[in-house]
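Each residue of the sequence shown is one higher than the last, beginning at 467 in the working numbering. No residue lacks a Cβ here, since even glycine has one placed at the ideal position from N, Cα and C. Comments concern the structure below.
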Amino acid sequence: MILDVTDEQLYGVDAAVWLRTVQGVVDWRAAQFAERFFTALSSTAEGAQILNALDADTRIHLQQRQAAHLRLLFSPELTLAAHRAAARQAGRAHALMGVGLPLLIESFALYQHELQDELLPLLASPGHEQVLRIVSRRILVDLQAQAHSFDDIDAEIAQAMSAIDRLAQDADHLVDLVRGAMELIGRLDGNLSAFFGRCDDDGELQLEASHGLAGQRYHQAMMSGEVPRISVDAQRESGQGAGGRAWRSGEIVVCAAWGADPRNQPWESIGHSLGLRSSAAVPLRGDDGRTVALLSLYSAWPRFFSTALIGQFLTHLQLTLSHAVRRLDAQPVLALPLRTRYRQSIADGRVRFVYQPIVDLRSGRLVKVEALARLVDDDDALVEPERFLSACGRDELFTLLQHGLEQAACSVKALHARGLPVALTLNFPSEGVAEPRHERAVLDTIDRHGLHNGQLELELREGHDTMAPARRRNAFLRRLRDAGVGLTQDDLGSGRGALPGLDQFRYDAVKMDQELVHGAMQQPQRVFEFMFHLTRLAHGFGMKLTVEGLEHVGLIESAAILGADHGQGRGIAPPMALDELERWHQGFRLDIDAQRPRTALGALASYLLWDLRARSRRARDGATHDPRRTVEAFIEARGLQRSTLALLLAEHFAVGAAARHALRNDVIEHFVEVWQRESDATPT
């Protein structure tokens, strides 16, 4: 119900006449009235809880504000608009301090009682009733406007919760999730500051992001040693604060009166100077219920985090962000100063690209070169992606793409001028698929530099972070292809590279995830079997397969034997500066023969090739070469004719697909032993 206050008698000239007659008494008794009102309020249970959370300075300040508000109610010059604005502001302050609507109504009843019993009797009898009527009606206007402020805050919290939900669903990177969450929290009225942190490998809490001027200053004080760093160790004094307790318990910890809690004593000096009055430590939990990250919030208002509404918001924040962090928490912990430095390097264009050759595994011919980003640190050292990518969100990755496109265009021209007419390939962020600014960046680069068909290739990763619907994605990829861009699906076979995408769009090539290749160090037969099937899958779709992560000749031989088209890795060539590429190319020879492997891994790949064909009844399917001959040649070349491995192979070759499963496992184990002896004998 909206109170009818159109009567000019409340704020007009007539009201001013009556109110001017009492200004002296009101000014004289305002401070005393405010003190008596606070005393009456402290007699209620909830009022006492709120007032007890105030330090002496804050209580004095609020009593002064209450006295000023009393003078406002009796002001002859007050207008309805000014009154409502002041009351809404006061209502916000009350809500932010944890005053509930029932207590607000109760406090107004106390207020009215104090006026009638203590102040109004002091007024002169002529006009007493008129002043009482005016002020009583103004008090109702005040209550109504303050109650509207409570509704406004309820709506703002509800909007923030919805925005947090959307952010958690849409974020592609932990950086964007944290940055977005802190921005949304910072928009709430309450003068909020925040930290986000995770524990490093040593169990030390590393603060990776901060928000608000107070948050930044607080973090600087911890990093400089002015105050202790927050710890999660229960044995340390710095682990007894709200953050440490929340981390260990997995439960939200609220400090209604931050400065009054003795466990915050290690940080009391900086907290007092920054005006921190209350805090909430929100632990984000993993699938096993254990804390994986900590969100620490601080407010300049006492009891800000103690209301039921804010409590619901904190619980929602914990559940929603915990789920999102579990989805995105694959990035290494990176302390805030380093994170900030890396972001600044990207923004300043301190990015250099190195180039790694990709060769044909049959002929050894250089077919393309991949451009790999490095940051130039403050000491001019190059920073590898595994160190700086965790500092990157969408915007930083887009800026990296812009740098990469520009340098790639210049580099491909330089290579062609040096007689190396090869394509240059560049990683494309998966969240940029079908996004207009990413498409414009690619097409504008092609137009500006006049790149021809096949000179530029992009490697794209299909996965959960490719948010565009299939129809939009495919249309986007077709437009790039029409512009002459070659397209490679990256990291195929990993948790990030999706096999179903192959039947929706025909890429020019696919890349086997190098993490799978590195698994050959533990279980080579599984990696090789996967490589065999992946090769046939790619060829079935008319695409070339590149195997990256080929770190030594054994892996290079194996990839060639199992049918991969192209290879990349330090066993072929490390990443290098553009000027070094021509010299490397002049001296490079791919010294392998798929029919005469020199390594145990190569021989194992030949054996598995024969076994897979035998089990599919294609041991003699018209292939020009029988892998058994390759394996036997390796055994003879190594002088292993009398070894257990040779005997096992002879038995398996004799019975073919009918061999017992254990026989195959025994062969693989003995091949791995030979390979391990080779590795031990090879200088590192």
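Residue from the options whose Cα sits closest to the Cα of residue i
i     : options                   : result
A975  : G952, M997, R992, Q989    : G952
R714  : G669, G898, M997          : G669
D1132 : A1112, A1103, Q1142, L485 : A1112
I1027 : R711, T1110, D826, H677   : D826
R1079 : R1002, H1136, Q1052       : R1002
P1015 : H1032, G1008, F1007       : According to the sequence displayed, residue 1015 carries Gly and not Pro. Measuring from the Cα of G1015, the nearest candidate turns out to be H1032.
V833  : A889, A481, E595, P851    : A889
R1095 : Q1061, G737, T1110        : Q1061
S1024 : F864, T487, V1097         : V1097
R525  : L546, M563, P542          : M563
H1051 : L886, R937, V1013         : L886
D846  : S829, A561, I1101, S811   : S811
G1035 : V908, W767, V1019         : V1019
A801  : F994, R927, C721, F854    : F854
G1105 : V1138, R1064, H1127       : R1064
D979  : D956, H999, Y973          : D956
G1046 : R992, F864, F894, V820    : Residue identity differs from the one stated: residue 1046 is Glu in this sequence, not Gly. E1046 has its Cα closest to that of V820, out of R992, F864, F894, V820.
A482  : T545, L507, E512, D521    : T545
A813  : S602, T505, E862          : E862
A774  : V720, G898, R756, D1059   : V720
F616  : L569, A575, R645          : L569
A575  : P542, R927, L507, L917    : L507
DSSP bridge partner residues for residue i (one or two, in chain order)
i     : result
P749  : L760
S461  : The question about residue 461 has no answer here: the residues shown for the chain are numbered 467 through 1150.
P1063 : Partner(s): none; P1063 has no beta bridge.
V488  : Beta-bridge pairing links V488 to no other residue.
C721  : S745
T891  : E836, E923
M1042 : Y821
S765  : L658, S744
L412  : Summary: the structure shown does not reach residue 412, with the chain confined to residues 467 through 1150, and so no result is reported for it.
L671  : C665
Residue i: CB within 8 Å of a non-hydrogen atom of the ligand PLP
i     : result
D1132 : For the ligand PLP, the structure offers nothing, since it holds no ligand at all.
Bounding residues of the alpha helix (DSSP H) (the contiguous stretch that carries residue i)
i     : result
L1162 : No answer is possible for residue 1162: the residues shown for the chain start at 467 and end at 1150.
N518  : 511-518
Y808  : 802-813
A839  : Per DSSP, A839 belongs to no alpha helix (DSSP H); it is in the beta strand (DSSP E), 832-842.
V825  : Per DSSP, V825 belongs to no alpha helix (DSSP H); it is in the beta strand (DSSP E), 817-826.
E417  : Examination of residue 417 is not possible in this model, given that the chain is present from 467 through 1150 alone.
C876  : 860-883
G709  : 708-715
G646  : 640-653
Q1152 : In the structure as shown, the chain starts at 467 and stops at 1150, and residue 1152 therefore has no counterpart that could be examined.
G1020 : 1019-1027
T1001 : 990-1006
P454  : The question about residue 454 has no answer, for the chain in this structure spans 467 to 1150.
G557  : 546-562
N940  : 936-948
Residue i: first and last residue of the uninterrupted beta strand (DSSP E) it sits in
i     : result
Q955  : 952-958
E734  : First-last for E734: 734-740, but that is the alpha helix (DSSP H), not the beta strand (DSSP E).
G1033 : 1032-1034
M978  : 975-978
I776  : Run containing I776: none in the beta strand (DSSP E); it sits in the alpha helix (DSSP H), 774-794.
Quiz item: Do the segment 783-795 and the segment 627-638 touch if we need at least three Cβ pairs shorter than 8 Å?
Solution: Touching, yes.
Quiz item: Taking contact to mean at least 3 C-beta pairs separated by less than 8 Å, is the segment 835-843 in contact with the segment 775-782?
Solution: The segment 835-843 vs the segment 775-782: no contact.
Self-check item: Secondary structure, alpha helix (DSSP H): runs of 4+ residues fully inside the segment 1110-1141
Solution: Fully enclosed alpha helix (DSSP H) runs of 4 or longer: 1110-1121.
Quiz item: Are the segment 847-859 and the segment 1053-1070 touching by the rule of at least three beta carbon pairs closer than 8 Å?
Solution: Counting Cβ pairs under 8 Å, fewer than three are found: no touch.
Exercise. Would you check if the segment 602-614 and the segment 746-756 touch, i.e. whether three or more CB-CB distances between them fall below 8 Å?
Key: The segment 746-756, when compared against the segment 602-614, does not touch it at the 8 Å Cβ threshold.
Quiz item: Would you call the segment 763-780 and the segment 611-631 in contact, with 3 or more CB pairs under 8 Å?
Solution: Yes: the two stretches touch, three or more of their Cβ pairs being nearer than 8 Å.
Quiz item: Can you find at least 3 beta carbon pairs, one from the segment 652-661 and one from the segment 859-879, that sit closer than 8 Å?
Solution: Judged by Cβ distances under 8 Å, the segment 652-661 makes no contact with the segment 859-879, as fewer than three pairs qualify.
Quiz item: Okay, do the segment 534-550 and the segment 489-507 touch, 3+ Cβ pairs below 8 Å being the bar?
Solution: The segment 534-550 makes contact with the segment 489-507: 3 or more CB pairs, one atom from each, lie closer than 8 Å.
Quiz prompt | Complete runs of the alpha helix (DSSP H) confined to the segment 566-633 [at least 4 residues] | solution = Complete alpha helix (DSSP H) runs here, min 4: 567-580.
Practice problem: Answer yes if the segment 542-558 comes into contact with the segment 593-603, meaning at least three C-beta pairs across the two stretches below 8 Å, and no otherwise. | Solution: No, the segment 593-603 is not in contact with the segment 542-558.
Quiz item: Can we say the segment 733-747 touches the segment 704-724, given the rule of at least three CB pairs closer than 8 Å?
Solution: Touching, yes.
Quiz item: Below 8 Å, can you find three or more Cβ-Cβ pairs linking the segment 478-492 to the segment 555-572?
Solution: The segment 478-492, when compared against the segment 555-572, does not touch it at the 8 Å Cβ threshold.
Quiz item: Is the segment 1005-1012 close to the segment 981-993, with three or more CB pairs under 8 Å?
Solution: No, the segment 1005-1012 does not touch the segment 981-993.
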